[in-house]
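Presented below is the structure to which this report refers.
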Amino acid sequence: MNVSEVMAQYLRAAGIDVMFGYPGDPSVELLEGCRNIGVDFILGRREGTAGLMAQAYGMLTGKPGVALSTLGPGATNLVNAVANAYLDRTPMIAISGQIDTKRLPTFTHQVVDQHSLFTPVSKWATSIAPHTAGHIMRKAHRTAMAPRQGPVHITTPADYVGAEATDDEIHLPPTNGVGHGIVVYGEEGADPVAMINKANRPVILYGISAMQGNAGAEITALAERIGAALVSSPMAKGTVGETHPLFAGVLDMACNAQMWDLVRSADLVIAAGFDGVELIKPWDVSAPVLHIDTVPNTDQIYASPLEMVGSISHILAALADEVKSAEGFTEGDIRRHRDALMAAYEAGRVSGILNPSDVIRIAKVDAPTDTIVTADVGSHKLLVGQGWTTHNPRSCLNSNGLSSMGFSLPAAMVAKYLYPDRNVICFTGDGGLAMVQSELRLAASLGLGLKVVVFCDNSLNRIELKQMARQYPSTGTVIEDTDIVKMAESMSCNGVMVENEQALADALATPMTNTPLVIGARIDPKQYWTQF
Numbered sequence: 017m018n019v020s021e022v023m024a025q026y027l028r029a030a031g032i033d034v035m036f037g038y039p040g041d042p043s044v045e046l047l048e049g050c051r052n053i054g055v056d057f058i059l060g061r062r063e064g065t066a067g068l069m070a071q072a073y074g075m076l077t078g079k080p081g082v083a084l085s086t087l088g089p090g091a092t093n094l095v096n097a098v099a100n101a102y103l104d105r106t107p108m109i110a111i112s113g114q115i116d117t118k119r120l121p122t123f124t125h126q127v128v129d130q131h132s133l134f135t136p137v138s139k140w141a142t143s144i145a146p147h148t149a150g151h152i153m154r155k156a157h158r159t160a161m162a163p164r165q166g167p168v169h170i171t172t173p174a175d176y177v178g179a180e181a182t183d184d185e186i187h188l189p190p191t192n193g194v195g196h197g198i199v200v201y202g203e204e205g206a207d208p209v210a211m212i213n214k215a216n217r218p219v220i221l222y223g224i225s226a227m228q229g230n231a232g233a234e235i236t237a238l239a240e241r242i243g244a245a246l247v248s249s250p251m252a253k254g255t256v257g258e259t260h261p262l263f264a265g266v267l268d269m270a271c272n273a274q275m276w277d278l279v280r281s282a283d284l285v286i287a288a289g290f291d292g293v294e295l296i297k298p299w300d301v302s303a304p305v306l307h308i309d310t311v312p313n314t315d316q317i318y319a320s321p322l323e324m325v326g327s328i329s330h331i332l333a334a335l336a337d338e339v340k341s342a343e344g345f346t347e348g349d350i351r352r353h354r355d356a357l358m359a360a361y362e363a364g365r366v367s368g369i370l371n372p373s374d375v376i377r378i379a380k381v382d383a384p385t386d387t388i389v390t391a392d393v394g395s396h397k398l399l400v401g402q403g404w405t406t407h408n409p410r411s412c413l414n415s416n417g418l419s420s421m422g423f424s425l426p427a428a429m430v431a432k433y434l435y436p437d438r439n440v441i442c443f444t445g446d447g448g449l450a451m452v453q454s455e456l457r458l459a460a461s462l463g464l465g466l467k468v469v470v471f472c473d474n475s476l477n478r479i480e481l482k483q484m485a486r487q488y489p490s491t492g493t494v495i496e497d498t499d500i501v502k503m504a505e506s507m508s509c510n511g512v513m514v515e516n517e518q519a520l521a522d523a524l525a526t527p528m529t530n531t532p533l534v535i536g537a538r539i540d541p542k543q544y545w546t547q548f
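Quick note on numbering: the sequence shown equals residues 17 to 548 in the working numbering.
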């Protein structure tokens, strides 16, 4: 096999059946190698959005998404998506072409130092060669999947991609998480069971690693035993079904003051796979934190007198077996908290117009419980994060580490590509859509019948709100009005503009087809000011 065939064979053996990208001359051999063994290639309209598609593949499947670019501007355009996966803790294998090794030391046309470019935003950046092909793919795969999960970047020189591989062995390393061993860090005599037994108002704050480790059942069991309020990070939504009577809400989304008040009222916070990369507000909780994760508490976002490192699900299961039963937060306590939270969520709503919170509420009405939603970056993401009821893991996707705008549409496209029979709703703002709207043509050509709901307020609202808070005029935050219907039709999609609740409900009730539907929801942003 040549080097490209080894790479393609490795990806196929790892269960990866599609890659996303924008090819160039150094990509030709890899594309052919993938075609010959049934690894599909999806051509994004630019490298950045193709990379976000690869990230969404990793989020949805738990396997590394593969992103491909050419050299020079292809590689530089891919950086944002790799950085996004890095801070969103998502496995990815990013591949960029390069000129041949003979010219690399002296040639300058379209040449950038890819190792220096990608090292700060990936877990590992390297180059492949005929005598290292199998080893590099194995290490890249294992590194991407190891805690904390993230992207790796591989440079493929033009004179190597078609060269015969002398290292062509394909061995898949174990990638199914950590074993049952538990390492405890803390002062001598520190006892996690005693910490929990002492608590009267415990909170379990769970995050990305808990979701990736499928720890929802164990989180629920421990919460029910000790009466813990359940608080999710935004990217962990659905790890525990959000109709559970102990589910209190999502941290640092809409109504974050109410959520922080609840966490500050705790006398113990059990941080289960919670990653400080998602925090927007500084940590100011006085209660002790029991850190449970696949990695030690090296971030020190919060201090923790006791750390338990290993399989999150096994640690939680062991604790649930040993701690005593306690009342803690009652279901009535959580119900009253939730009522106040939802009242705050609807605060500022004005009758007779389409409010931002109306869009989420109406979209939820008839949505099947296995609906996949994606949210872009902006004020609407905060509403989706708090207001969308998520029943299953990996079914509410957002970028909350780097928080890159333009994420929602490519993520929703991949969701519909992987799960064509599931209802997929993309929530995005007019600013976020403007960055990636050309991908709608790809969605149409792939027959992806997703629904794209656009919050149309002609503004970069998050920034405008900050200007308003300082009594500054809106400057540099206006998004010119776009004819959503004509834009959608020009991309071979269906489009409709709605300005009231009934029209939005009717549009969302449109039967599923193989044609994307773009719904422009003309909202009044006044409610954002009250909420945020």
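Ideal Cβ positions, reconstructed from N, Cα and C, are used throughout, including at glycine. Remember, it's a predicted structure, so these values are computed and weren't measured experimentally.
When ASN408, ALA460 and PRO372 are compared, the shortest CA-CA separation from PRO384 is found for ASN408.
Taking a contact to require three or more Cβ pairs closer than 8 Å, the segment 462-479 and the segment 410-430 qualify as touching.
Three or more beta-carbon pairs drawn from the segment 322-335 and the segment 222-239 are found closer than 8 Å, and the two stretches are therefore classed as touching.
Here GLU180 carries a strand assignment [DSSP, helix/strand/coil]. Taking C-beta separations shorter than 7 Å and ignoring five residues to either side along the sequence, the partners of HIS151 in its chain run ASP183, following chain order. Across the set ALA523, ALA319 and TYR102, the C-alpha of TYR102 shows the shortest separation from the C-alpha of GLY74. In the DSSP assignment, CYS472 is bridged to ARG538. Here HIS407 carries a coil assignment [DSSP, helix/strand/coil].
The three-state reading of DSSP puts SER43 in helix, counting H, G and I together.
Just measuring C-alpha positions, the residue of PRO163, MET108 and ASN313 sitting nearest ALA156 is MET108. Checking the DSSP bridge columns, you'll see GLY265 partnered with VAL247.
Here DSSP, grouped into helix, strand and coil, assigns ASN18 to strand. Taking C-alpha positions only, VAL127 is separated from ASN100 by approximately 23 Å. Contact holds between the segment 103-122 and the segment 162-181, because three or more Cβ pairs, one in each stretch, are under 8 Å apart.
Under a 10 Å Cβ-count criterion, THR142 is classified as buried, with 16 or more other Cβ atoms of the shown protein chains found around its own Cβ.
Listed in chain order, the alpha helix (DSSP H) runs fully inside the segment 316-395 are 328-338, 347-361 and 372-381, counting runs of at least 4 residues. Within the model, the alpha-carbon separation for GLY326 versus SER43 is close to 39 Å. Secondary structure remark: continuous alpha helix (DSSP H) runs of at least 4 residues inside the segment 85-132, in chain order: 89-103. Judged by DSSP in its simplified three-state form, VAL400 adopts helix. For ASN477, the enclosing alpha helix (DSSP H) starts and ends at 477-485.
Only buried fits GLU21, as 16 or more other CB atoms lie within 10 angstroms of its CB. In this structure, ILE212 sits near LEU335, with a CB-CB distance shorter than 9 Å. In this structure, DSSP gives LEU458 a helical state, which the three-state scheme calls helix. When CYS509, GLY344, TRP299 and SER461 are compared, the shortest CA-CA separation from GLY60 is found for SER461. Taken in chain order, the whole alpha helix (DSSP H) runs of length 4 or more contained in the segment 29-82 are 44-53 and 63-77. For ASN510, the enclosing beta strand (DSSP E) starts and ends at 510-514.
Exclusion of the five residues before and after HIS147 leaves THR182 and ASP183 as the residues of its chain whose Cβ lies within less than 7 Å of its Cβ.
For the 9 Å CB-CB criterion, LEU267 and PRO250 form a contact. The C-beta separation of ARG457 from MET507 comes to about 4 Å, placing the pair in contact by the 8 Å criterion. Listed in chain order, the non-local C-beta contacts of ALA244 below 8 Å within the same chain comprise PRO218, VAL219, ILE220, LEU238, LEU262, ILE286, GLY344 and PHE345, local neighbours out to five positions each way being set aside. Collapsing the DSSP output to three states places PHE290 in coil. In the displayed model, ILE144 falls within coil according to three-state DSSP, outside both helix and strand.
Under DSSP, TYR222 takes part in a beta bridge, and its partners are SER248 and ALA288. A distance below 9 Å separates the beta carbons of ALA523 and ILE535.
With contacts defined by Cβ atoms closer than 9 Å, ASN414 and LYS397 form a contacting pair. Taking C-beta atoms as the reference points, LEU120 and LEU84 fail to come closer than 9 Å.
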